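Here is the structure we will look at, set down as structure tokens.
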Amino acid sequence: MPAILDLFNQKTVLDYVQNRQYPQLLGDTLFPSVKIDQLDFEYLRGGSKTPIIASVSAFDTEAEIGSREASVQAAELGYIKRKMQLKEKDLIALRNPRTPAEQNYLTSLVYNDLDVLVQGVYARVEKMRMEALATGTISIDENNMNFDVTYNVPAEHQVTAATSWDADGADPIKDLQDWFALLDYVPTRILTSSKVQTALIRSKAFADYFKTAGLLPSVGSLNAVMQSFGLPTIVT
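For the record, in the sequence shown the residue sitting at position 183 is 211 according to the working numbering, with numbers rising by one throughout.
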């Protein structure tokens with residue numbers, strides 16, 4: 029009659045979680061996880077990838093000293109924790125299985141619960157990633173933790189269309205071109221919601237482009253028009 033801690037000891041559970049392949053979430057492809065061996069972390073804020081033009085100097089003269097615009101911010105890591113109750117009836121069944129098959133079945137149920145808990149942690153991290161992407165700030169206010177991590181996204185990079193894209197008179201192509209002109213890099217794709225994507229496909233502006241090009245209104249046609257204007261494709 030094995031004890032519960034023998035069936036689910038720390039090493040067994042850690043090995044299971046580390047070897048288990050969970051579906052990769054979108055945020056993990058944009059902001060991959062980085063493991064660190066300490067309880068504090070640092071991050072850069074306020075930096076820019078725009079190259080600064082170097083000065084031309086004569087031979088044997090002192091080189092101009094460059095500087096890093098970003099500042100280092102430090103914080104203490106917080107836990108993301110969740111637990112699930114293993115009821116007394118299940119404990120008794122696990123400790124006194126009638127057959128090996130029953131023990132394997134009951135054990136698999138516990139690991140299924142473990143999967144739910146682990147994916148709940150991943151979902152919490154995904155929420156923070158998407159919050160950073162959408163607003164430029166991660167806000168934590170729960171369980172005696174209250175702080176913000178701000179990425180200093182410039183105000184001019186957080187704009188709203190003058191005319192809603194599902195309204196007559198809207199010109200989403202011009203809006204996107206104007207917005208991209210403000211960036212110091214070339215975007216490779218636009219991440220948005222299915223609602224916005226559908227609004228663009230149904231908008232009069234894109235309907236006119238589809239008609240002129242002989243295209244059916246679809247996601248593929250939308251991205252074909254976007255690329256013809258030198259704009260990145262849209263993904264949801």
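The beta carbon of each residue, even a glycine, is placed where N, CA and C say it ideally should be. Note that the structure is predicted; figures quoted are calculated from it, not measured.
Rounded straight-line distance, which links the Cα of residue j to that of residue i
i, j, result
"residue 162", "residue 223", "15 Å"
"residue 189", "residue 60", "31 Å"
"residue 212", "residue 262", "20 Å"
"residue 248", "residue 233", "16 Å"
"residue 123", "residue 138", "13 Å"
"residue 273", "residue 148", "The chain is shown from 29 up to 264; residue 273 falls before or after that span and cannot be answered."
"residue 129", "residue 171", "41 Å"
"residue 258", "residue 176", "36 Å"
"residue 141", "residue 221", "31 Å"
"residue 133", "residue 239", "58 Å"
"residue 36", "residue 46", "15 Å"
"residue 58", "residue 194", "29 Å"
"residue 196", "residue 173", "46 Å"
"residue 120", "residue 131", "11 Å"
"residue 250", "residue 225", "9 Å"
"residue 202", "residue 169", "39 Å"
"residue 254", "residue 156", "29 Å"
"residue 44", "residue 199", "52 Å"
"residue 165", "residue 126", "54 Å"
"residue 191", "residue 231", "12 Å"
"residue 62", "residue 38", "23 Å"
"residue 159", "residue 48", "27 Å"
Inter-residue CB distance, residue i and residue j (contact presumed, cutoff 8 Å)
i, j, result
"residue 215", "residue 229", "Not really, about 20 Å apart at Cβ, beyond 8 Å."
Where residue i sits in the DSSP three-state scheme
i, result
"residue 196", "coil"
"residue 85", "Here residue 85 scores only 44 on pLDDT, less than 50, and its place in the model is too uncertain to base an answer on."
"residue 251", "helix"
"residue 212", "coil"
"residue 264", "coil"
"residue 126", "coil"
"residue 91", "Bear in mind that a pLDDT of 48 at residue 91, under 50, signals an unreliable position, so the number given afterwards is only what the model happens to contain. Coil, per DSSP."
"residue 201", "helix"
"residue 234", "helix"
"residue 64", "coil"
"residue 243", "coil"
"residue 53", "coil"
"residue 136", "helix"
"residue 221", "coil"
"residue 191", "coil"
"residue 47", "helix"
"residue 177", "strand"
Spatially closest choice to residue i from the options, by CA coordinates
i, options, result
"residue 179", "167, 187 and 141", "167"
"residue 206", "253, 186 and 157", "186"
"residue 41", "118, 53, 143 and 133", "143"
"residue 135", "218, 198 and 34", "34"
"residue 264", "48, 227 and 256", "227"
Beta-carbon spacing of residue i, residue j below 9 Å
i, j, result
"residue 252", "residue 241", "yes"
"residue 50", "residue 146", "yes"
"residue 150", "residue 243", "no"
"residue 182", "residue 218", "no"
"residue 184", "residue 204", "no"
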